[in-house]
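Please read the structure below before turning to the comments.
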Amino acid sequence: MTDFFSADADADLAVARIEEQIAEAQERARRAGEVRQEIDALRGSATSPRRELTVTVDASGRLVSVDVNDAAYRLSPRDLGRLIVETANAAQRQAGAKAVELASEAFGEESGIVAHLRDEVERSTRPAAGGTGDGTRIQY
Numbered sequence: 001m002t003d004f005f006s007a008d009a010d011a012d013l014a015v016a017r018i019e020e021q022i023a024e025a026q027e028r029a030r031r032a033g034e035v036r037q038e039i040d041a042l043r044g045s046a047t048s049p050r051r052e053l054t055v056t057v058d059a060s061g062r063l064v065s066v067d068v069n070d071a072a073y074r075l076s077p078r079d080l081g082r083l084i085v086e087t088a089n090a091a092q093r094q095a096g097a098k099a100v101e102l103a104s105e106a107f108g109e110e111s112g113i114v115a116h117l118r119d120e121v122e123r124s125t126r127p128a129a130g131g132t133g134d135g136t137r138i139q140y
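Just so we're aligned, residue 1 is where the sequence shown starts under full-length UniProt numbering, counting upward by one.
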């Protein structure tokens, strides 16, 4: 009889452990959804050094807005174009850093999710030879 009760207790422990793991997985999934929404709503902004313009991008680096000050119109078209790209790249780096920070807070600094996001941000903000850091190549 002892073996029957022992097996029954082992089964109860196994079921309890599985239920706990399911609850933990559901909580992680819920939190991942929240973080995804926070990252989707995230914006990064940068202002040029002399405040000619401010660029805002979303979490993926897409332009949301470019606010141009009257001082920007004194720049040559070439310099204005370069300044827009440089400022957009700075905004993209800021948005990427915010996304990594949000993910780190939710999943821990050593999480695989955070490592993957960090790698994506580094890859997307690293300047290519002759490029601007976003995969765009500008020639004048």
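No residue lacks a Cβ here, since even glycine has one placed at the ideal position from N, Cα and C.
Owing to the predicted nature of the structure, the values given are computational and were not obtained by experimental measurement.
Residues bridged to residue i (per DSSP)
i     : result
SER45 : THR56
Unbroken beta strand (DSSP E) run spanning residue i, endpoints
i     : result
SER65 : 63 to 68
Beta-carbon proximity list for residue i, same chain, < 8 Å, skipping 5 on both sides
i     : result
ALA99 : ILE39, LEU42, ALA59, LEU117 and VAL121
ARG51 : ASN69 and ALA71
Cβ neighbours of residue i in the same chain (closer than 7 Å, five flanking residues each side left out)
i      : result
GLY133 : Confidence in GLY133 is poor, its pLDDT being 47 and thus under 50, which makes the residue's placement unreliable; the coordinate value appears in the next sentence. So the list reads ASN89, THR125, ARG126 and PRO127, once near-sequence residues are dropped.
Boundaries (first-last residue) of the alpha helix (DSSP H) holding residue i
i      : result
SER124 : 112 to 125
ARG51  : Where ARG51 is concerned, there is no enclosing alpha helix (DSSP H), given that its DSSP letter is neither H nor E.
GLY96  : 77 to 107
Between the CA atoms of residue j and residue i - distance to the nearest angstrom
i           : j      : result
PHE107      : ARG93  : 21 Å
ALA16       : GLU27  : 17 Å
LEU102      : ASP70  : 35 Å
ILE84       : ILE113 : 31 Å
SER45       : ILE22  : 40 Å
residue 142 : ALA97  : There is no way to answer for residue 142, as the model of the chain reaches only from 1 to 140.
LEU53       : ALA25  : 45 Å
residue 184 : VAL57  : No answer is possible for residue 184: it lies beyond the span of the chain, which begins at 1 and ends at 140.
GLU34       : SER76  : 44 Å
Close Cβ partners of residue i (< 6 Å) along its chain, the five nearest in sequence each way excluded
i     : result
VAL55 : ALA46, VAL66, THR87, ALA88 and ALA91
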